[in-house]
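J.: I'd like to ask some things about the structure below.
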Amino acid sequence: MIVSDLWRYPVKSLGGERLREARVDRWGIGGDRRWMVVDRSGEKLWAGEFRQLAAVSAVQAGGGVRLSAPGHPELLLDEPIGGERVEVGLRGVGYAVAAGDAADAWLSAVLGLDVRLVWLDEPARRPMSERHGGRPGDVLSFADAAPLLLTTMPSLRQLDAWIAENGGGGPVPMTRFRPNLVVDGEMAAFAEDGWSEVRVGEVRFRFAETCDRCAVTTLDPATGRTAKEPIRTLAKHRRWDGNVWFGVRVVPVGPGTISVGDPVQPI
Numbered sequence: 001m002i003v004s005d006l007w008r009y010p011v012k013s014l015g016g017e018r019l020r021e022a023r024v025d026r027w028g029i030g031g032d033r034r035w036m037v038v039d040r041s042g043e044k045l046w047a048g049e050f051r052q053l054a055a056v057s058a059v060q061a062g063g064g065v066r067l068s069a070p071g072h073p074e075l076l077l078d079e080p081i082g083g084e085r086v087e088v089g090l091r092g093v094g095y096a097v098a099a100g101d102a103a104d105a106w107l108s109a110v111l112g113l114d115v116r117l118v119w120l121d122e123p124a125r126r127p128m129s130e131r132h133g134g135r136p137g138d139v140l141s142f143a144d145a146a147p148l149l150l151t152t153m154p155s156l157r158q159l160d161a162w163i164a165e166n167g168g169g170g171p172v173p174m175t176r177f178r179p180n181l182v183v184d185g186e187m188a189a190f191a192e193d194g195w196s197e198v199r200v201g202e203v204r205f206r207f208a209e210t211c212d213r214c215a216v217t218t219l220d221p222a223t224g225r226t227a228k229e230p231i232r233t234l235a236k237h238r239r240w241d242g243n244v245w246f247g248v249r250v251v252p253v254g255p256g257t258i259s260v261g262d263p264v265q266p267i
């Protein structure tokens with residue numbers, strides 16, 4: 001088994017960037033989900049409700065971020081070190097740092113909403129919840145529940161086969177699931193559900209929990225349209241405890257660097 005893909009999402013809920021190599025710290029891949037779009041009350045915007053978020057892309061640029069969207073000029077932002085503190089509603093965060101008027105104006109124009117962009121100045125100050133498999137000392141950025149999401153291609157191929165049997169159309173791209181780490185190779189579909197630890201190159205990861213999936217996976221970022229898949233088929237084959245499941249959330253046991261092509265070995 002090897003790493004077949006690596007992804008970083010500099011801004012929560014926006015399009016991300018494919019990587020060849022990534023630095024892994026306690027809170028996840030370096031630069032992953034350090035920024036977030038919020039409304040004027042500090043509540044996060046979610047792509048399941050605001051589909052236009054999916055059409056905006058973000059890539060890390062030096063210490064900052066570069067935003068792009070069809071029909072708009074790109075916007076390059078530096079980390080707003082020392083900027084205004086903004087109260088945010090995301091669990092365990094308390095506050096983030098405002099990106100500034102230029103970022104707010106650009107995103108508001110692109111999204112057609114009155115929004116702000118904020119930055120997490122220190123990801124190590126946000127504790128990971130015990131409810132999602134966190135242990136004392138585990139931390140994460142603006143990610144929902146764990147530092148990284150791991151998915152596997154054998155599981156996606158099985159899901160695509162189920163969708164075809166169900167008359168649901170063509171294959172679902174892995175990007176719909178917004179993973180950080182994608183594994184491929186000789187393994188059974190959904191074998192990752194049973195891993196307690198896995199070594200990826202030089203970095204060990206601990207299983208935190210299986211990932212419950214939401215309506216965001218039905219959204220096509222290119223068109224902004226939603227469909228029934230893959231939720232419909234996951235509900236038929238991968239439903240328990242009132243949710244549907246695909247991928248696993250993992251926690252780095254220690255820091256290091258991982259790359260596409262690295263060997264992957266369950267421990």
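In full-length UniProt numbering, the protein residues as written are 1 to 267. Glycine included, each C-beta is placed from N, C-alpha and C at the ideal position.
Which value, in whole angstroms, describes the spacing of the CA atoms of residue 217 and residue 230?
T.: The straight-line gap from Cα to Cα measures roughly 7 Å.
J.: Please determine if the region 142-161 and the region 17-32 are in contact, where contact requires at least 3 C-beta pairs separated by less than 8 Å.
T.: Note that the region 142-161 touches the region 17-32; at least 3 beta-carbon pairs, one per stretch, sit closer than 8 Å.
J.: Quick one, which of 81, 96, 113, 80 has its alpha-carbon nearest residue 87's?
T.: 96
J.: Rounded to the nearest angstrom, what separates residue 227 and residue 13 at their Cα positions?
T.: Going by the C-alpha atoms only, they are around 18 Å apart.
J.: Quick check: residue 183 and residue 24, are their CB atoms within less than 8 Å of each other?
T.: no
J.: Across the region 72-92 and the region 234-243, are there enough close Cβ pairs to call them in contact, namely three or more that are closer than 8 Å?
T.: no
J.: Mind checking residue 104: buried by the 16 CB within 10 Å criterion, or exposed?
T.: buried
J.: Can you check which of these residues, 116, 174, 221, is closest to residue 45 by C-alpha distance?
T.: 116
J.: The beta strand (DSSP E) with residue 27 in it runs from where to where?
T.: Neither: residue 27 is in no beta strand (DSSP E) and is coded neither H nor E.
J.: Let me check one thing: in DSSP terms, what residues is residue 207 bridge-paired to?
T.: Bridge partners of residue 207: 250.
J.: Check this for me: beta carbons of residue 54 and residue 171, under 8 Å apart or not?
T.: no
J.: Does the Cβ of residue 78 have 16 or more other Cβ atoms within 10 Å, making it buried, or fewer, making it exposed?
T.: exposed
J.: Which residues bound the beta strand (DSSP E) around residue 162?
T.: No beta strand (DSSP E) holds residue 162; the alpha helix (DSSP H) holding it covers 153-165.
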